[in-house]
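Undergrad: Protein chains in written order, with this note's numbering: chain A, 1 to 598; chain B, 599 to 969. Virtual Cβ for every residue (Gly too), placed ideally from N, Cα, C. Keep in mind that this is a model prediction, so the values were computed, not measured.
#1: So, is residue 354 of chain A buried or exposed, given that buried needs 16 or more other C-beta atoms within 10 angstroms?
#2: In three-state terms, what does DSSP make of residue 40 of chain A?
#3: Can you have a look at residue 585 of chain A and say buried or exposed, based on whether 16 or more other CB atoms are within 10 angstroms of its CB?
#4: When you compare the region 79-95 of chain A with the region 137-149 of chain A, are there three or more beta-carbon pairs, one atom per stretch, that lie closer than 8 Å?
#5: Can a CB atom of chain A be found closer than 8 Å to the CB of residue 704 of chain B?
#6: Within the same chain, show all residues whose beta-carbon is closer than 7 Å to that of residue 604 of chain A, passing over the 5 residues directly before and after it, in chain order.
#7: My understanding is that residue 161 of chain A touches residue 153 of chain A, with C-beta atoms under 8 Å, so please give their C-beta distance in whole angstroms.
#8: With distance defined between alpha-carbon atoms, name the residue in A:27, A:451, A:343, A:210 nearest to residue 138 of chain A.
#9: If you compare alpha carbons, which of B:757, B:863, B:892, B:854 is closest to residue 878 of chain B?
#10: Rounded to whole angstroms, what's the CA-CA distance from residue 95 of chain A to residue 234 of chain A? Just pull it up for me.
#11: Closest Cβ-Cβ distance between residue 230 of chain A and chain B: below 8 Å?
#12: Pull out every residue of the region 180-209 of chain A whose Cβ sits closer than 8 Å to any Cβ of chain B, in chain order.
#13: Using a Cβ cut-off of 9 Å, which residues of the region 630-653 of chain B contact any Cβ in chain A, in chain order?
#14: Pull up the distance between the alpha-carbon of residue 799 of chain B and that of residue 827 of chain B, whole angstroms please.
#15: Which of helix, strand or coil does DSSP assign to residue 308 of chain A?
#16: Are the CB atoms of residue 818 of chain B and residue 811 of chain B within a distance shorter than 8 Å?
#17: Closest Cβ-Cβ distance between residue 25 of chain A and chain B: below 8 Å?
#18: Could you check whether residue 532 of chain A and residue 576 of chain A sit closer than 8 Å to each other, using their CB atoms as the reference points?
#19: Using the Cβ count rule (16 or more neighbours within 10 Å means buried), how would you classify residue 646 of chain B?
#20: Enumerate, from N- to C-terminal direction, the unbroken beta strand (DSSP E) stretches of 3 or more residues contained entirely within the region 741-812 of chain B.
#21: Does residue 770 of chain B have its Cβ less than 8 Å from a Cβ in chain A?
#22: Is residue 850 of chain B close to chain A? Criterion is C-beta to C-beta, closer than 8 Å.
#23: Does any residue of chain B have a CB that is nearer than 8 Å to the CB of residue 598 of chain A?
#24: With respect to the alpha helix (DSSP H) encompassing residue 346 of chain A, which residues constitute its N-terminal and C-terminal limits?
#25: Under 8 Å Cβ-Cβ, which residues of chain A neighbour residue 893 of chain B?
#26: Could you tell me the distance, in whole angstroms, from the CA atom of residue 12 of chain A to the CA atom of residue 535 of chain A?
#27: Check the C-beta distance from residue 903 of chain B over to residue 940 of chain B and give it rounded, since I have them as a contact under 8 Å.
#28: Alpha carbon to alpha carbon, what distance is there between residue 410 of chain A and residue 7 of chain A?
#29: Roughly how many whole angstroms lie between the Cα atoms of residue 891 of chain B and residue 843 of chain B?
#30: Check each candidate in B:959, B:807, B:741 and name the one with the smallest Cα separation from residue 834 of chain B.
#31: I'd like to check one pair, residue 276 of chain A with residue 44 of chain A: are the Cβ atoms closer than 8 Å?
#32: Among the residues of its own chain, which have a CB less than 8 Å from the CB of residue 571 of chain A, if the five just before and after it don't count?
#33: Output, in sequence order along the chain, the residues in the region 707-726 of chain B whose CB is closer than 9 Å to any CB in chain A.
#34: Among the residues of its own chain, which have a CB less than 7 Å from the CB of residue 906 of chain B, if the five just before and after it don't count?
#35: Return the first residue and the last residue of the beta strand (DSSP E) that residue 169 of chain A is part of.
#36: Can you tell me whether residue 306 of chain A is buried or exposed, with buried defined as 16 or more other CB within 10 angstroms of its CB?
This is the structure:
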């Protein structure tokens, strides 16, 4: 008995063991139990469903499952959104990899012109919110039949844009693909850049033709990067809400996220929770397929080396045309969207692109005092905008501090106890929110925290629930970067401190944190930026009093206040870009490094 | 089989940094030439220029009478047209191909018929003793096995010239020794010309028929290894070759007849040149003494044993004559008490006299202690 007690005492005398146990408890409560609670929610009657289920609220029912899987509504409720989600996600992967991959190749292997500027601009869509391009697309290609006014394209050319081009599947694919192209570029470019040039030189000496070398050596070696891009893009596209909401809703094209949003905000939350489960299952499947495909036999660990002497592929006569084309595509992804937002936000009447139709009143105009909802002061004078901006900053910083700190500590304790079952469980648990699409996670939290749970009061509509869900959702990326950075730090560095009798807190603050400064800052920066531009995670948990900038944008867009939504969008982008570049300049941490660590 | 000729080959990286400076050398058919030098001296660059992986800034390279590179004539044959094999330092095995595929890939490029490829791969795998790993991926092999696969892949198309860039540097000491012997045998059996880059003087000594010692892009000496060891052109060459390295003693010399009296401040010796040379009446010299020529005995100069490192076969000593510390090698299993006093004298006629200022070799000769 005494022996056992001593064992427990030794166990808890190690700070990382204490941390691991705390993480286990915390994550059980914040991930595992909510998930169970949501499964339970698919079987009970919710207040808004009283009239359709004809049972008392809170009683057991199979109504939701039957309705989702075996009713005449199954097709429109479940199967169509599933099909649409899968189709748009797959094609988005294709678009992202084609564009990002060719850009990566051009930059790292050819004599493309203006590389420096182009690579900076190419990252833009990734830093900007995911719907940026969606709104820009809408600004460009909207048509009078759907939204009541024409877009810039029609104004410039006089041509009417076909509906399939302006709304629905096609633009969702293109826009999502473009948004994730920087991912593909960073991951594939990273491998191309670090790839041992000797691998290609060995092939040249053995008389390999250019094309054969590209197909048989270069492509297979970047394959792991392509696969990780696929999983990132696929799960990202699957979870994206704003883009299909902006581009799909006007033509009633639903994907899982938008259908889930409609169900939970509508009269059948039970079906919404089932859709959330479906999303989780799909992303878990993708994860497993990906792991199977990467395999273990052909380890790519050897694919680094001195890359000083990569031979540059000369584009020769095609150099200028290809450079110009690339520049055009990059500008379409980065600068032109911003221009359209600025332009749309100063149109007195939408769709009339004339100098005389321009006004700054949506930015700095005074309210006219009319009793109309559209009669609002310009966004720079609107206290509501400043309140939401404050909310956004507060929320993003809270999530960043929460996720960043927890992620670093999790990384530390996981690495220190590597190989132990407890460490493995905690590692998997910190990673699990990654597998749960944002909106599904939000649904889980809605189901878990909308009523009293033991000592915890109902959190619905509070700031706390937003901060909690943000912290949990961004924990995987923060803990990933924590684990990676701790793996590179040999334990001897800390052990030297232990031997000299330095206490744990001091070891952390004086030894480990200073060494890992730049990765820790990235660990905070990434969640902060994500939090600033997050919509799908918060949208179903937000109420009118704790609105953030992104939900204000959605509100304006749903109401059709084009000028306001464009102005707010521009505001978000400017805030995100300014913060990103400031932090980058100040600390040397960068978002690109964060992606590499994922 | 070709003779490789480098004429005034120069390579400049960026502005100002000369990696290789007007290099002239001829590598004859069937030779095993080592390019030796400290890191950053331009030896790998030279090898890569021979292969065609690097383009020289100036100069010409010939394979026999065929010009493969000339900046003046604007000739630059690509690596695949030079009929060479190249062994990379990190092996550069393609991680996504099995051993078999790694080896057959090059043969497929050369449009060999399938059955010939199969036969050749099996044959070369047998020579390199990697038959049982034929279906494995590189990541599943040990360093030594990867090395063998890399050699097999390079040798499979029967290259006339084999260029090797520090191929043994990633192996552990024992394996490295085994592979050295194997490389030397391969050189004999293939009859190809080997050009070998290394920074390890003992590797160059043991393997090659000729060593090219390079310092900061400049060729210092190009000759058979034992000559390089015995008759170094300058202090750098003398210092680079041999382990423990040569002792250098500063001394003032007075010419007396056909010998020189060298005063080292701590002891005086008479240096008798092996052949007749013109010497100035008085001059500052550096005397080069190989450790193995210092003979510990009952007579001669008195010295204190600073350290004694017995390795079984021989014992390496550091002997101090006041503040001059000399390393010496005593053969046999003997140990010396540290801080004890011993005496030593000089044997043989392989002592090298260098000019102190230019550090160039003046002549070789014998030594006799006078006080």
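TA: Based on what the coordinates show:
#1: Residue 354 of chain A comes out exposed.
#2: helix
#3: exposed
#4: no
#5: yes
#6: Outside the shown range of chain A (1 to 598) lies residue 604 of chain A, about which nothing can therefore be said.
#7: Residue 161 of chain A to residue 153 of chain A, Cβ: 6 Å. Contact.
#8: For residue 138 of chain A, the closest C-alpha among the options A:27, A:451, A:343, A:210 is that of A:343.
#9: B:854
#10: 11 Å
#11: Residue 230 of chain A does not count as touching chain B.
#12: Only those residues of the region 180-209 of chain A whose C-beta falls short of 8 Å from the nearest C-beta of chain B are listed: 196, 198, 199, 201, 202, 203, 204, 205, 206, 207, 208, 209.
#13: Residues passing the 9 Å Cβ filter: 646, 649, 650, 651, 652.
#14: 10 Å
#15: Bear in mind that a pLDDT of 48 at residue 308 of chain A, under 50, signals an unreliable position, so the model cannot answer this.
#16: Yes. Within cutoff.
#17: no
#18: yes
#19: Counting other Cβ atoms within 10 Å of its Cβ, residue 646 of chain B reaches 16 or more and is therefore classed as buried.
#20: 759-763, 791-796
#21: no
#22: Answer no: the Cβ-Cβ gap between residue 850 of chain B and chain A never drops below 8 Å.
#23: Note that residue 598 of chain A scores 31 on pLDDT, short of 50, meaning its location in the model is unreliable; the coordinates nonetheless yield the value given after this. With 8 Å as the cut-off, residue 598 of chain A does not count as an interface residue toward chain B.
#24: It is not in any alpha helix (DSSP H) - residue 346 of chain A carries neither H nor E in the DSSP assignment.
#25: The premise fails here: residue 893 of chain B is roughly 46 Å from chain A at the closest Cβ pair, so nothing lies under 8 Å.
#26: When rounded, the distance between both Cα atoms is 40 Å.
#27: About 6 Å; that satisfies the 8 Å criterion.
#28: 23 Å
#29: Approximately 12 Å, taken between the alpha carbons.
#30: Cα-wise, what sits closest to residue 834 of chain B is B:959.
#31: no
#32: 379, 385, 389, 549
#33: Those would be 707, 708, in chain order.
#34: 913, 915, 933, 934, 936
#35: Careful: residue 169 of chain A lies outside any beta strand (DSSP E), inside the alpha helix (DSSP H) at 169-194.
#36: Caution applies to residue 306 of chain A, whose pLDDT of 46 falls short of 50 and renders its modelled position unreliable; the value that the coordinates give is listed next. Exposed is the call here.
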